[in-house]
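Reading through the C-alpha coordinates given below for one structure.
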Amino acid sequence: MAWEGGHSLHVTGQAAEGQSVTVHLFKTDLPVPPGTRASLRLLGFPDTAAAELGLTFKDAPNAPVWLPLHGKGQPPSADGGWSTAESNVSRFNKRQLARVSLRFSAGKDGGLDFRLGQLRSRRTADSSPGSRADSLCSASSGQAR
(Lines of atoms letter the chains of each structure in order from A and count residues from 1; the text may use other names and numbers.)
(Lines give C-alpha, C1' and ligand atoms only; values in the text may rest on other atoms or scores of the structure.)
Protein backbone atom coordinates (compact mmCIF):
# COMPACT_ATOMS: atom_id res chain seq x y z
CA MET A 1 0.00 0.00 0.00
CA ALA A 2 1.53 3.31 -1.06
CA TRP A 3 1.08 6.76 0.38
CA GLU A 4 -0.25 9.18 -2.29
CA GLY A 5 0.92 6.92 -5.12
CA GLY A 6 4.49 6.75 -3.86
CA HIS A 7 6.13 4.48 -1.33
CA SER A 8 5.55 3.52 2.26
CA LEU A 9 7.74 1.81 4.84
CA HIS A 10 6.29 -1.50 6.09
CA VAL A 11 7.07 -2.23 9.74
CA THR A 12 6.26 -5.75 10.88
CA GLY A 13 7.30 -8.13 13.64
CA GLN A 14 6.60 -9.49 17.10
CA ALA A 15 7.64 -7.86 20.35
CA ALA A 16 6.75 -8.34 23.99
CA GLU A 17 4.19 -5.90 25.38
CA GLY A 18 5.93 -2.59 26.03
CA GLN A 19 9.08 -3.63 24.14
CA SER A 20 10.18 -1.02 21.61
CA VAL A 21 11.71 -1.02 18.14
CA THR A 22 13.72 1.99 16.92
CA VAL A 23 14.03 3.05 13.28
CA HIS A 24 16.75 5.64 12.59
CA LEU A 25 15.43 7.50 9.55
CA PHE A 26 18.10 10.02 8.61
CA LYS A 27 20.89 12.30 9.74
CA THR A 28 20.59 16.01 9.14
CA ASP A 29 21.94 19.39 10.17
CA LEU A 30 18.93 21.70 10.51
CA PRO A 31 17.85 24.33 13.02
CA VAL A 32 14.44 23.93 14.63
CA PRO A 33 12.50 27.13 13.85
CA PRO A 34 9.86 28.61 16.18
CA GLY A 35 6.37 27.12 15.87
CA THR A 36 7.51 23.77 14.43
CA ARG A 37 5.17 20.76 14.51
CA ALA A 38 5.95 17.22 13.36
CA SER A 39 3.39 14.79 11.97
CA LEU A 40 3.46 11.13 11.00
CA ARG A 41 1.05 9.31 8.64
CA LEU A 42 0.31 5.67 9.56
CA LEU A 43 -1.79 2.89 8.06
CA GLY A 44 -2.98 -0.05 10.18
CA PHE A 45 -1.30 1.14 13.37
CA PRO A 46 -2.52 -0.93 16.37
CA ASP A 47 -4.64 0.98 18.89
CA THR A 48 -2.70 -0.56 21.77
CA ALA A 49 0.76 0.34 20.41
CA ALA A 50 2.59 3.66 20.75
CA ALA A 51 4.78 5.70 18.38
CA GLU A 52 7.37 8.29 19.35
CA LEU A 53 9.44 10.76 17.39
CA GLY A 54 13.11 10.76 18.35
CA LEU A 55 15.06 13.98 17.92
CA THR A 56 18.82 13.96 18.42
CA PHE A 57 20.51 17.34 18.65
CA LYS A 58 24.11 18.32 17.89
CA ASP A 59 24.62 19.57 21.46
CA ALA A 60 23.53 16.18 22.94
CA PRO A 61 24.35 13.45 20.38
CA ASN A 62 23.92 10.59 22.86
CA ALA A 63 20.65 11.76 24.40
CA PRO A 64 17.73 11.64 21.94
CA VAL A 65 14.51 13.32 23.03
CA TRP A 66 11.44 11.09 22.55
CA LEU A 67 8.07 12.76 21.86
CA PRO A 68 4.79 10.80 21.83
CA LEU A 69 2.99 10.73 18.48
CA HIS A 70 0.26 8.11 18.93
CA GLY A 71 -1.40 6.16 21.69
CA LYS A 72 -2.14 6.79 25.36
CA GLY A 73 -4.69 9.56 24.96
CA GLN A 74 -3.58 10.80 21.54
CA PRO A 75 -5.83 9.11 18.97
CA PRO A 76 -4.98 9.88 15.34
CA SER A 77 -7.43 11.46 12.93
CA ALA A 78 -8.63 8.96 10.32
CA ASP A 79 -8.36 9.78 6.60
CA GLY A 80 -8.98 6.97 4.10
CA GLY A 81 -7.38 4.36 6.33
CA TRP A 82 -4.31 6.52 6.98
CA SER A 83 -4.14 8.29 10.32
CA THR A 84 -2.13 11.33 11.34
CA ALA A 85 -0.35 11.74 14.66
CA GLU A 86 1.29 15.04 15.55
CA SER A 87 3.65 16.55 18.12
CA ASN A 88 4.74 20.10 18.91
CA VAL A 89 8.54 20.43 18.66
CA SER A 90 8.73 24.22 18.99
CA ARG A 91 10.21 23.97 22.50
CA PHE A 92 13.48 22.95 20.80
CA ASN A 93 13.61 26.29 18.98
CA LYS A 94 17.14 27.30 17.93
CA ARG A 95 18.66 23.87 18.62
CA GLN A 96 20.44 22.12 15.76
CA LEU A 97 18.81 18.82 14.75
CA ALA A 98 21.31 16.03 13.97
CA ARG A 99 19.15 12.89 13.57
CA VAL A 100 15.48 11.91 13.24
CA SER A 101 14.25 8.52 14.48
CA LEU A 102 10.99 6.76 15.25
CA ARG A 103 10.34 4.34 18.12
CA PHE A 104 7.39 1.95 18.25
CA SER A 105 6.23 0.09 21.36
CA ALA A 106 4.14 -3.05 20.98
CA GLY A 107 0.69 -3.34 22.54
CA LYS A 108 -0.94 -6.23 24.38
CA ASP A 109 -0.91 -8.64 21.43
CA GLY A 110 2.81 -8.01 20.80
CA GLY A 111 2.33 -7.57 17.07
CA LEU A 112 3.52 -4.69 14.93
CA ASP A 113 2.27 -4.65 11.34
CA PHE A 114 1.67 -1.21 9.85
CA ARG A 115 2.94 1.26 7.25
CA LEU A 116 4.58 4.68 7.50
CA GLY A 117 3.51 7.00 4.71
CA GLN A 118 4.88 10.42 5.60
CA LEU A 119 6.97 12.17 8.22
CA ARG A 120 6.58 15.92 8.02
CA SER A 121 7.84 18.95 9.88
CA ARG A 122 6.24 22.35 9.38
CA ARG A 123 6.05 25.73 11.01
CA THR A 124 2.59 26.69 12.15
CA ALA A 125 3.38 30.38 11.61
CA ASP A 126 3.76 29.78 7.85
CA SER A 127 2.09 26.59 6.72
CA SER A 128 1.15 27.66 3.20
CA PRO A 129 1.81 24.89 0.63
CA GLY A 130 5.26 25.05 -0.92
CA SER A 131 6.66 27.46 1.65
CA ARG A 132 10.14 26.86 3.06
CA ALA A 133 8.50 26.17 6.41
CA ASP A 134 6.12 23.63 4.86
CA SER A 135 8.92 21.57 3.31
CA LEU A 136 11.61 21.85 5.97
CA CYS A 137 11.78 18.13 6.66
CA SER A 138 9.11 16.33 4.67
CA ALA A 139 9.49 12.86 3.20
CA SER A 140 6.72 11.17 1.25
CA SER A 141 5.96 9.66 -2.14
CA GLY A 142 9.51 8.33 -2.38
CA GLN A 143 11.09 11.77 -2.12
CA ALA A 144 13.00 13.41 0.70
CA ARG A 145 13.25 17.20 0.81
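Those letters in the sequence shown? Residues 8 to 152, per the working numbering, in order. Ideal placement from N, C-alpha and C gives every residue a C-beta, glycine not left out.
| Which whole-angstrom value is the C-beta distance of L76 and L50, which I expect to be below 8 angstroms? | Actually they are not in contact, since the Cβ atoms of L76 and L50 sit about 14 angstroms apart, beyond 8 angstroms.
| query | Residue range of the beta strand (DSSP E) that A92 falls in? | reply | 89–95
| task | Compute the beta-carbon to beta-carbon distance between P161 and S108, rounded to the nearest angstrom, for a pair I have assumed lies under 8 angstroms. | result | Residue 161 is absent from the model: the chain starts at 8 and stops at 152.
| Closest residue to S90 among Q125, H17, F33 (Cα-Cα distance) | Closest by alpha carbon: Q125.
| query | Bridge partners of D120, per DSSP? | reply | T19
| task | Measure the C-alpha to C-alpha separation of K65 and P38 and round it to an integer number of angstroms. | result | 10 angstroms
| request: Can you give me the start and stop residues for the beta strand (DSSP E) that G61 sits inside? | output: 57–64
| request: Would you list the residues sitting across from L37 in a DSSP beta bridge? | output: In DSSP, L37 forms a bridge with L104.
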